[in-house]
Amino acid sequence: MDLVTILAIIKEYIWLPLPFVLFWGFWESWIYYINNKYSAGLNWVILEINIPEQIEVTPKAMEQVMAGLHGIYKSQNLIEKYIQGIVPRFLSLEIVGINGEIHFLIRTEAQFRNLVEGQVYAQYPDAEIHETEDYSKLLPKIIPSKDWNLWGTEMILTKENYYPIRTYPSFKEEETEEGIIDPLASLTEIMSRLRQGEQLWLQILISPITEQWHQDALNLVNKLIGKPVEKKKSFFEVSVLVQEAVAWFEAVLSALFEFTFAGAAKEDKKPDWPSMMQHLSPGEKARVEAIENKCAKIGFNSKIRFIYLARRDVFAMGNVAAFMGSFKQFNIQDLNSFRPDPKTKSSIDYLFKNRRSTHRRRKILTKYRWRSMSGYKMILNIEELASIYHFPGIYVKAPRMPRVEAKKSGPPIGLPIG
Numbered sequence: 002m003d004l005v006t007i008l009a010i011i012k013e014y015i016w017l018p019l020p021f022v023l024f025w026g027f028w029e030s031w032i033y034y035i036n037n038k039y040s041a042g043l044n045w046v047i048l049e050i051n052i053p054e055q056i057e058v059t060p061k062a063m064e065q066v067m068a069g070l071h072g073i074y075k076s077q078n079l080i081e082k083y084i085q086g087i088v089p090r091f092l093s094l095e096i097v098g099i100n101g102e103i104h105f106l107i108r109t110e111a112q113f114r115n116l117v118e119g120q121v122y123a124q125y126p127d128a129e130i131h132e133t134e135d136y137s138k139l140l141p142k143i144i145p146s147k148d149w150n151l152w153g154t155e156m157i158l159t160k161e162n163y164y165p166i167r168t169y170p171s172f173k174e175e176e177t178e179e180g181i182i183d184p185l186a187s188l189t190e191i192m193s194r195l196r197q198g199e200q201l202w203l204q205i206l207i208s209p210i211t212e213q214w215h216q217d218a219l220n221l222v223n224k225l226i227g228k229p230v231e232k233k234k235s236f237f238e239v240s241v242l243v244q245e246a247v248a249w250f251e252a253v254l255s256a257l258f259e260f261t262f263a264g265a266a267k268e269d270k271k272p273d274w275p276s277m278m279q280h281l282s283p284g285e286k287a288r289v290e291a292i293e294n295k296c297a298k299i300g301f302n303s304k305i306r307f308i309y310l311a312r313r314d315v316f317a318m319g320n321v322a323a324f325m326g327s328f329k330q331f332n333i334q335d336l337n338s339f340r341p342d343p344k345t346k347s348s349i350d351y352l353f354k355n356r357r358s359t360h361r362r363r364k365i366l367t368k369y370r371w372r373s374m375s376g377y378k379m380i381l382n383i384e385e386l387a388s389i390y391h392f393p394g395i396y397v398k399a400p401r402m403p404r405v406e407a408k409k410s411g412p413p414i415g416l417p418i419g
């Protein structure tokens with residue numbers, strides 16, 4: 002076939018992909034429209050949590066809080082998802098340093114306020130919770146600007162979701178008097194050293210998910226130890242009617258086969274392959290055990306954003322490096338690690354660097370303010386989330402962290418009410 006014939010065929014049928022392209026564009030626009038329309042009608046509140054001076058619980062307490070917050074989960078049917086535009090429920094856990102002051106916040110739908118407060122009070126009974134305004138909207142709408150600059154990124158995992166990061170039980174150190182090193186000590190120290198006009202924001206969006214990810218993680222374990230991996234069933238395999246029809250058809254074929262070939266040798270059944278666990282190295286065994294431990298706990302779809310903002314006269318990239326250093330303590334080289342997403346970070350290489358960097362910085366600020374869950378999401382379990390977001394204990398000495406100075410107590414028994 003010569004070139005002229007090929008070009009003639011292309012010219013004749015070039016329109017064929019057009020309906021599919023138009024439908025895809027319409028579908029994406031429709032989903033974007035209904036999701037934004039639904040989200041605009043939600044009522045959100047931002048709760049600030051002040052913790053007492055003598056808080057002696059470990060991040061394990063926050064792990065229990067995370068488990069309780071999974072209660073906001075609600076499944077979606079096709080009408081809710083594609084007609085009504087209902088998006089999965091989520092919360093925003095935020096640690097904010099503003100001019101050296103540190104704030105712990107949880108953004109939630111108003112309907113879940115009692116749930117959030119109840120879970121926090123259950124583990125931190127002496128905490129104080131109050132509603133506050135959205136700090137992210139107190140700054141100019143457009144940054145970078147003549148007076149303000151920012152650097153931001155979203156964090157991603159270096160490996161598959163099922164490999165765990167380093168969590169708070171790994172920070173225990175028997176030689177210290179306290180017995181534990183708080184994973185947030187370095188981050189709160191960085192935030193407490195911010196100067197006037199500097200702000201550092203950490204946002205952790207979490208959306209509860211079903212237990213399907215547990216099976217996916219176990220499939221990865223089976224792959225690592227050489228066992229057969231369970232394949233996901235197609236529609237025809239999971240449909241009850243199809244299953245019944247296939248079973249009936251197989252029964253008929255089996256009867257015909259036995260009647261026609263009676264006495265023929267039966268096919269030998271292949272034995273299952275034995276596990277290769279005993280042949281794994283100690284490091285490989287530890288990796289398998291770590292994955293199994295991670296999938297044994299409740300999981301969330303999660304997104305992590307970091308933004309450093311400051312007036313141009315005090316803007317210091319050293320604070321960005323300090324934050325990245327504080328996050329490296331959660332990395333385990335042979336399991337999983339955090340790194341900046343090259344698609345979202347403010348640093349740009351090669352062509353049109355200034356223009357592209359400005360666009361990215363403004364885009365991530367907008368997504369932060371909207372608490373957008375769009376794009377890449379990682380699966381973190383409650384232990385991993387509690388390691389990244391918890392209320393520091395008495396051993397964290399950040400000087401400008403709001404604390405509850407007086408311990409609250411209830412009214413005396415028998416107090417007359419007139």
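In the numbering used here, the protein residues as written are 2 to 419. Note that beta-carbon positions come from the ideal geometry of N, C-alpha and C, so glycine has one too.
Using the beta-carbon count (16 or more within 10 Å), is V66 buried or exposed?
For this step, residue 66 is matched to residue 65 along the sequence shown. By the 10 Å Cβ count, V66 comes out buried.
P53 to H360, Cα distance in whole Å?
Position 52 of the sequence shown, counted from the start, is the residue given in the question as residue 53. Position 359 of the sequence shown, counted from the start, is the residue given in the question as residue 360. Going from the Cα of P53 to the Cα of H360 covers about 41 Å.
Considering only residues of the same chain and omitting the five flanking positions on each side of L310, which have a CB-CB separation below 6 Å?
Numbered from 1 along the sequence shown, position 309 holds the residue referred to as residue 310. Correct list, in chain order: L151, Q200.
Beta-carbon separation of T189 and I103 under 8 Å?
Along the sequence shown, one-based indexing puts residue 189 at 188. Along the sequence shown, one-based indexing puts residue 103 at 102. Yes. Within cutoff.
Taking the runs of the alpha helix (DSSP H) that are 4 residues or longer, which of them lie wholly in the segment 142–204?
If we require 4 residues or more, the alpha helix (DSSP H) runs fully inside the segment 142–204 come out as 186–193.
Is the beta carbon of R357 less than 8 Å from the beta carbon of I365?
If you number the sequence shown from 1, residue 357 lands on position 356. If you number the sequence shown from 1, residue 365 lands on position 364. Cβ distance not < 8 Å, so R357 and I365 don't count as in contact.
Could you name the residues that DSSP lists as bridge partners for I308?
As a working mapping, residue 308 is identified with position 307 in the sequence shown. I308 is bridged to G153, W202.
Where does E384 land, buried or exposed, given buried means 16+ other C-beta within 10 angstroms?
Against the sequence shown, residue 384 aligns to sequence position 383. Looking at its Cβ environment, which holds 16 or more other Cβ atoms inside 10 Å, E384 is buried.
Against chain C, with Cβ distances strictly below 8 Å, would K75 count as a contact?
Considering every chain present, this structure includes no chain C. It has just one protein chain.
Going residue by residue through the segment 84–153, where are the continuous alpha helix (DSSP H) segments of at least 4 residues, counting only ones entirely within it?
For the segment 84–153, whole alpha helix (DSSP H) runs of length 4 or above, ordered along the chain, are 114–124.
Hey, could you find the ends of the alpha helix (DSSP H) L19 is sitting in?
The residue you call residue 19 lines up with position 18 of the sequence shown. Run containing L19: 19–41, per the alpha helix (DSSP H) assignment.
CB K346 to CB Y163, shorter than 8 Å?
For the purposes of this step, residue 346 is taken as the residue at position 345 of the sequence shown. For the purposes of this step, residue 163 is taken as the residue at position 162 of the sequence shown. Contact flag unset, no.
What I want to know is whether the C-beta of E199 ends up closer than 7 Å to one or more non-hydrogen atoms of the ligand SAH.
The ligand SAH is not among the ligands present in this structure, which contains no ligands whatsoever.
Count the CB pairs spanning the segment 214–228 and the segment 130–148 that are closer than 8 Å, and state whether there are at least three.
Verdict: no, contact absent.
How big is the Cα-Cα spacing for I308 and L203?
On the sequence shown, residue 308 is found 307 positions in, with the first residue counted as 1. On the sequence shown, residue 203 is found 202 positions in, with the first residue counted as 1. When rounded, the distance between both Cα atoms is 7 Å.
In terms of alpha-carbon separation, which member of V46, D217, M379, A322 lies closest to T109?
Within the sequence shown, residue 109 is the residue found at index 108, counting from 1. It is V46 whose Cα lies nearest to the Cα of T109.
Could you tell me the alpha carbon to alpha carbon distance between P141 and G198, rounded to whole angstroms?
Here residue 141 refers to the residue found at position 140 when the sequence shown is read from its first residue. Here residue 198 refers to the residue found at position 197 when the sequence shown is read from its first residue. Between P141 and G198, the C-alpha separation is close to 13 Å.
Can you tell me the Cβ-Cβ gap for G300 and L219, rounded? I've got them flagged as a contact below 8 Å.
As a first step, residue 300 is located in the sequence shown; it is residue number 299 there, counting from the start. As a first step, residue 219 is located in the sequence shown; it is residue number 218 there, counting from the start. About 13 Å separates the two Cβ atoms, so there is no contact after all.
What do you reckon, are the CB atoms on S388 and P126 nearer than 8 Å?
For this step, residue 388 is matched to residue 387 along the sequence shown. For this step, residue 126 is matched to residue 125 along the sequence shown. Contact flag unset, no.
Using the rule of at least 16 other Cβ atoms within 10 Å of the residue's Cβ for burial, across every protein chain shown, is K344 buried or exposed?
Within the sequence shown, residue 344 is the residue found at index 343, counting from 1. Exposed, since its Cβ has fewer than 16 Cβ neighbours within 10 Å.
Tell me, to the nearest whole angstrom, how far the beta carbon of F328 is from that of M156; I am working on the premise that it is less than 8 Å.
By 1-based counting over the sequence shown, the position of residue 328 is 327. By 1-based counting over the sequence shown, the position of residue 156 is 155. About 7 Å; that satisfies the 8 Å criterion.
Return the CA-CA distance between L70 and Q112, expressed in angstroms with no decimal places.
Here residue 70 refers to the residue found at position 69 of the sequence shown. Here residue 112 refers to the residue found at position 111 of the sequence shown. Taking the straight line from one Cα to the other gives about 13 Å.
Would you call F21 buried or exposed, if buried means 16 or more other Cβ atoms sit within 10 Å of its Cβ?
Along the sequence shown, one-based indexing puts residue 21 at 20. Classification of F21: exposed, given that the 10 Å Cβ count is below 16.
Below 8 Å CB to CB, which residues in the same chain sit around E118 once its five sequence neighbours on both sides are set aside?
Taking the sequence shown and counting its residues from 1, the one referred to as residue 118 is at position 117. Excluding sequence neighbours, E118 sits near L48, I130.
Please check the pair I333 and R167, which I expect to be a contact at CB under 8 Å, by giving their CB distance rounded to whole angstroms.
Taking the first residue of the sequence shown as 1, we reach residue 333 at position 332. Taking the first residue of the sequence shown as 1, we reach residue 167 at position 166. I333 to R167, Cβ: 5 Å. Contact.
In terms of residues, what are the limits of the beta strand (DSSP E) holding M379?
Taking the first residue of the sequence shown as position 1, residue 379 is located at position 378. Looking at the DSSP string, the run of the beta strand (DSSP E) that includes M379 is 379–382.
Out of Q120, R288, S187, which has the shortest C-alpha to C-alpha gap to K224?
Walking along the sequence shown from the start, residue 224 turns up at place 223. Nearest C-alpha to K224: R288.
Suppose contacts are defined by Cβ-Cβ distances below 8 Å. Is Q77 in contact with I35 by that definition?
The residue you call residue 77 lines up with position 76 of the sequence shown. The residue you call residue 35 lines up with position 34 of the sequence shown. For Q77 and I35, no; Cβs fall outside 8 Å.
Tell me the residue span of the beta strand (DSSP E) that contains P53.
Sequence index remark: in the sequence shown, residue 53 carries index 52 (1-based). Segment 45–53, the beta strand (DSSP E) holding P53.
Count the other CB atoms within 10 Å of the CB of K38; is the residue buried (16 or more) or exposed (fewer)?
As a first step, residue 38 must be located in the sequence shown, where it is residue number 37. Exposed, since its Cβ has fewer than 16 Cβ neighbours within 10 Å.
Please classify L206 as buried or exposed, where buried requires at least 16 neighbouring CB atoms within 10 angstroms.
Numbered from 1 along the sequence shown, position 205 holds the residue referred to as residue 206. By the 10 Å Cβ count, L206 comes out buried.
Does DSSP put F331 in a helix, in a strand, or in coil?
Reading the sequence shown from its first residue, position 330 is the one you call residue 331. In this structure, F331 counts as helix in the three-state DSSP scheme.
Of the residues M374, D217, T154, I182, which one's Cα is nearest the Cα of F324?
The residue labelled residue 324 in the question sits at position 323 within the sequence shown. The shortest C-alpha separation from F324 is found at T154.
If you follow the beta strand (DSSP E) that R340 is in, where does it begin and where does it stop?
Taking the first residue of the sequence shown as position 1, residue 340 is located at position 339. Per DSSP, R340 belongs to the beta strand (DSSP E) from 339–341.
How many angstroms separate the CA atom of I15 from the CA atom of N302?
In the sequence shown, counting from the first residue as 1, residue 15 sits at position 14. In the sequence shown, counting from the first residue as 1, residue 302 sits at position 301. Going from the Cα of I15 to the Cα of N302 covers about 41 Å.
Give the DSSP-derived three-state secondary structure of I349 in the structure shown.
Along the sequence shown, one-based indexing puts residue 349 at 348. In this structure, I349 counts as coil in the three-state DSSP scheme.
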